[in-house]
Amino acid sequence: MSDDKKSDSLQPEEIRSTGSPLSANCGLRTDGAASSVPVGSLSMKKPQGFFEERSLPAIEMTAGRLRYLSRRDVLLFGAGAVVALAGGGFLLPQDTLSRLGVRRNMDSPGKEWFLNKALRIDDDVAEALYSRDRRVPNYTKSQITPLKNNYNGATPDPGYISGWNLTLDGLASGLSISLDIRNLLARFSVHEQITRLVCVEGWSAIAWWAGLRFDDLLRAYPPMSQAKWARVESSVNLDASGNSDPYFVSIDLATARHPQTLLATHFNGQPLTVDHGAPLRLLAPVKLGLKNVKAITKLTYVAEEPRDYWAERGYSRYDGI
Amino acid sequence: MSHSTPPANEPNSTSTSLEEPGVLVAKKHHILVRWSHWLNVPILLGLILSGISIYWASPIYQHKPDPITGNFDVAVDIGIWICTHVPGLHHYGSPPDWIYNHMSLGPGMLALALRLHWLCANSFMLNGMVYLAGLVMGGGWRSLLPRRTDLFDALRMLRYYVGFPVAKLVRRKWLHPRFNTKYNALQRAAYFSIPVAGILSVTTGWAIHKPMQLHWLAALFGGYNAARVWHFCLMWVFILFIAPHVILVFADGWDTLRSMIVGWSTRVKRSEPIANER
Numbered sequence: 025m026s027d028d029k030k031s032d033s034l035q036p037e038e039i040r041s042t043g044s045p046l047s048a049n050c051g052l053r054t055d056g057a058a059s060s061v062p063v064g065s066l067s068m069k070k071p072q073g074f075f076e077e078r079s080l081p082a083i084e085m086t087a088g089r090l091r092y093l094s095r096r097d098v099l100l101f102g103a104g105a106v107v108a109l110a111g112g113g114f115l116l117p118q119d120t121l122s123r124l125g126v127r128r129n130m131d132s133p134g135k136e137w138f139l140n141k142a143l144r145i146d147d148d149v150a151e152a153l154y155s156r157d158r159r160v161p162n163y164t165k166s167q168i169t170p171l172k173n174n175y176n177g178a179t180p181d182p183g184y185i186s187g188w189n190l191t192l193d194g195l196a197s198g199l200s201i202s203l204d205i206r207n208l209l210a211r212f213s214v215h216e217q218i219t220r221l222v223c224v225e226g227w228s229a230i231a232w233w234a235g236l237r238f239d240d241l242l243r244a245y246p247p248m249s250q251a252k253w254a255r256v257e258s259s260v261n262l263d264a265s266g267n268s269d270p271y272f273v274s275i276d277l278a279t280a281r282h283p284q285t286l287l288a289t290h291f292n293g294q295p296l297t298v299d300h301g302a303p304l305r306l307l308a309p310v311k312l313g314l315k316n317v318k319a320i321t322k323l324t325y326v327a328e329e330p331r332d333y334w335a336e337r338g339y340s341r342y343d344g345i
Numbered sequence: 236m237s238h239s240t241p242p243a244n245e246p247n248s249t250s251t252s253l254e255e256p257g258v259l260v261a262k263k264h265h266i267l268v269r270w271s272h273w274l275n276v277p278i279l280l281g282l283i284l285s286g287i288s289i290y291w292a293s294p295i296y297q298h299k300p301d302p303i304t305g306n307f308d309v310a311v312d313i314g315i316w317i318c319t320h321v322p323g324l325h326h327y328g329s330p331p332d333w334i335y336n337h338m339s340l341g342p343g344m345l346a347l348a349l350r351l352h353w354l355c356a357n358s359f360m361l362n363g364m365v366y367l368a369g370l371v372m373g374g375g376w377r378s379l380l381p382r383r384t385d386l387f388d389a390l391r392m393l394r395y396y397v398g399f400p401v402a403k404l405v406r407r408k409w410l411h412p413r414f415n416t417k418y419n420a421l422q423r424a425a426y427f428s429i430p431v432a433g434i435l436s437v438t439t440g441w442a443i444h445k446p447m448q449l450h451w452l453a454a455l456f457g458g459y460n461a462a463r464v465w466h467f468c469l470m471w472v473f474i475l476f477i478a479p480h481v482i483l484v485f486a487d488g489w490d491t492l493r494s495m496i497v498g499w500s501t502r503v504k505r506s507e508p509i510a511n512e513r
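Just so you know, the protein sequences line up as chains A and B, in that order.
Note that the first sequence covers residues 25 to 345 in this note's numbering.
Note that the second sequence covers residues 236 to 513 in this note's numbering.
In structure tokens form, the structure reads like this:
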């Protein structure tokens, strides 16, 4: 650019005016009015404030060295760009790649491992953020918003409700306990809360729930001492074409013991309808909606993290929000 | 002779510059600023592409469901419009997905998009810290701070940009306003806003990622749903910044582009009017 030439041509004058080209550096960027003043003296004129812009430190460099540095860094940054492009392309989902015209299957265990690692970090952060004492906000009845039936597949036929039982397994007593909804409602006190349910998809709903505290159930029927997790299961869940598709998630017992984690029996002041998981559903507002299993049929306390329906489909495992 | 670091008062041998013509160069960008600047390109691209894939799962901009198609997503409307009106796209297989097939990783891949989004978001936060460290270590942050004179100077710059094409057409001389600072007021406003937008993207991101544990953060942005809208709008801030940013860098010339790669600029005397108008 002619601009470069211009500064080249200016340079001998700079040297002359300041004696040394290097001492010129601190005062090079002068304002229009003072530009005729020898630049070196400007920096001495007034001490600069902490927030005041400093002039760029300038040095003299041979044209050859500047060319060398430019070539080196452009090549270096170019190589970085190629690596970033390749790395980014490698991480793209197969569907996206095939749309871009990549025929070969780019899925590999390495890619899966790397992405799982990134997801795991996110879950660990969520777990570190969790505190039993941190309550989620409570809302008022005027803030309630509609909650859709978000059964992933078909909504089950209500026929299952009459014979419904909740089975507890992995208890300290070693027994397997079966409770019906009357037992549960008679034994445990019912708590109400108006909280937000947040879906992994991004939508959310503020709803009015009532039910027993999961914590109270854990106290009444203590899990075996090694247990750290609960497997929450609904055997009545259906897939989109109406076939049986048992739904199961993992819940850490720390979350289960949160005072706002309910085994909900009521929605909007009425017993749960089939849409919302009659007669008993999990309501853990500190988790994504997908952990809030409808129509729970079985709770199993286990030491190791159990399988999770959505983690097997590529979502995270802990899902704390 | 070592030129790699700008020595303060080292008696430089003027003799070498007699042998080979020297150039006066100024260190414009710290190396951490340069690396993080370029790393933002793949990271932001990944964030936007995966972000729009996530948006597909629950669009914020909705209308009442269409009685025939059941569609309620404004982005889908745009896709359908494009496929009906743009020649050559009439036979596009899935018009409702056109936008998502072209502006994102694709529809129906929420789990994958979320994973990539977290990966890019974590990289973005790390990269942002590197960038801020570079600004502090290189002292570049001072050049980004807004000044009292900025409003007036920004208007002068706007006048220059608006008048530039007209002046070119009538072959009139149209001088770039003189500034004795590293950036002009418009640049400064842009380069100051972008880190702020980055910080806001990260905070709104956390607000919608952890709306229960960090509910106070969501409340700061007007609640969970509002924070989602904020997060979405901030994407547009980046997109709207990038277009003129790239155009103006190329218009300004190799020296400006090189300074973000090499760090050095030969435009040392900023008080001179830009020469290419002569």
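We treat Cβ as the ideally placed atom computed from N, Cα and C, and that holds for glycine.
- Three or more pairs of CB atoms, one per stretch, sit closer than 8 Å, so the region 202 to 220 of chain A contacts the region 229 to 238 of chain A.
- The region 198 to 208 of chain A makes no contact with the region 336 to 344 of chain A, as fewer than three CB pairs between them are under 8 Å.
- The residue from A:Phe-114, A:Ala-231, A:Val-260 with its alpha-carbon nearest to that of A:Ile-185 is A:Val-260.
- Boundaries for A:Glu-257: no alpha helix (DSSP H) harbours it, while the beta strand (DSSP E) harbouring it runs 253 to 258, taken from the DSSP string.
- Close CB contacts of A:Ala-280 within its chain, under the 8 Å cut and outside five residues either way in sequence, are with Phe-238, Asp-239, Leu-242, Ala-254, Ala-308 (chain order).
- Counting every other CB atom within 10 Å of its CB across the protein chains shown gives A:Phe-114 a total below 16, marking it as exposed.
- Distances from the CA of A:Leu-323 to each of A:Arg-78, A:Ser-79, A:Glu-257, A:Asn-189 were compared; the closest alpha carbon is that of A:Glu-257.
- Leaving aside the five residues that flank A:Gly-301 on each side, the residues in its chain whose CB is nearer than 6 Å to its CB run, in chain order, Lys-318, Ala-319.
- Using beta-carbon distances, B:Trp-465 does not count as an interface residue toward chain A, since no partner is under 9 Å.
- At a Cβ-Cβ threshold of 9 Å, A:Tyr-333 and A:Tyr-271 count as neighbours.
- Across the region 210 to 222 of chain A, CB contacts with chain B closer than 8 Å involve Arg-220, Val-222, in sequence order along the chain.
- B:Trp-499 has a beta carbon lying within less than 9 Å of a beta carbon in chain A.
- With respect to the 9 Å criterion, B:Pro-430 and B:Gly-498 are not classified as neighbours on the basis of their beta carbons.
- B:Trp-333 does not reach chain A, its nearest Cβ partner there being about 12 Å away, counting only Cβ pairs nearer than 9 Å.
- Taking C-alpha positions only, B:His-444 is separated from A:His-282 by approximately 20 Å.
- For the C-beta of B:Met-344, the chain A residues within less than 9 Å are, from N- to C-terminus, Pro-117, Asp-119, Thr-120, Gly-338.
- Minimum Cα-Cα distance from B:Ile-278 among the listed residues B:Phe-456, B:Ser-358, B:Asp-301 corresponds to B:Ser-358.
- Under the three-state reduction of DSSP output, A:Gln-250 falls in the coil class, being neither helix nor strand.
- Sequence-distant Cβ neighbours of A:Asn-316 in its own chain, meaning closer than 7 Å and more than five residues away, are Leu-221, Arg-305, Leu-306, Leu-307, Ala-308.
- Between B:Val-260 and B:Thr-438, the gap from beta carbon to beta carbon reaches 9 Å or more.
- The C-beta distance from B:Gly-440 to B:His-466 rounds to 6 Å, short enough to meet the 8 Å contact threshold.
- The CB of B:Met-447 comes closer than 7 Å to the CB of Val-160, Pro-309, Val-310, Ile-345 in chain A, given here in chain order.
- Annotated three-state conformation of B:Phe-359 is helix, per DSSP.
- Taking 4 residues as the shortest admissible run, the region 127 to 204 of chain A contains the following complete alpha helix (DSSP H) segments, listed from N- to C-terminal end: 133 to 153.
- Straight through space, the alpha carbons of B:Asp-308 and B:Trp-353 are spaced by roughly 24 Å.
- Listed in chain order, the alpha helix (DSSP H) runs fully inside the region 453 to 503 of chain B are 459 to 487, 489 to 496, counting runs of at least 4 residues.
- A distance of 9 Å or more separates the beta carbons of B:Ala-310 and B:Pro-330.
- Residues of chain B with a Cβ closer than 7 Å to the Cβ of A:Glu-225 are, in chain order, Ala-292, Ser-293, Leu-345.
- Nearest C-alpha to A:Leu-312 among B:Gly-343, B:Ala-462, B:Gln-448, B:Ile-477: B:Gln-448.
- For A:Ser-274, the uninterrupted beta strand (DSSP E) segment begins and ends at 271 to 276.
- Under the three-state reduction of DSSP, A:His-290 is assigned to strand.
- In this structure, the CA atom of B:Pro-412 is about 41 Å from the CA atom of A:Gly-112.
- In this structure, B:Leu-324 lies away from B:Ile-334, with their beta-carbon atoms at least 9 Å apart.
- Contact check for B:Arg-463 against A:Gly-226 passes: the beta carbons are separated by less than 9 Å.
- When Cβ-Cβ separations below 9 Å define contact, A:Gly-177 makes no contact with chain B.
- In the DSSP assignment, A:Pro-295 is bridged to A:His-290.
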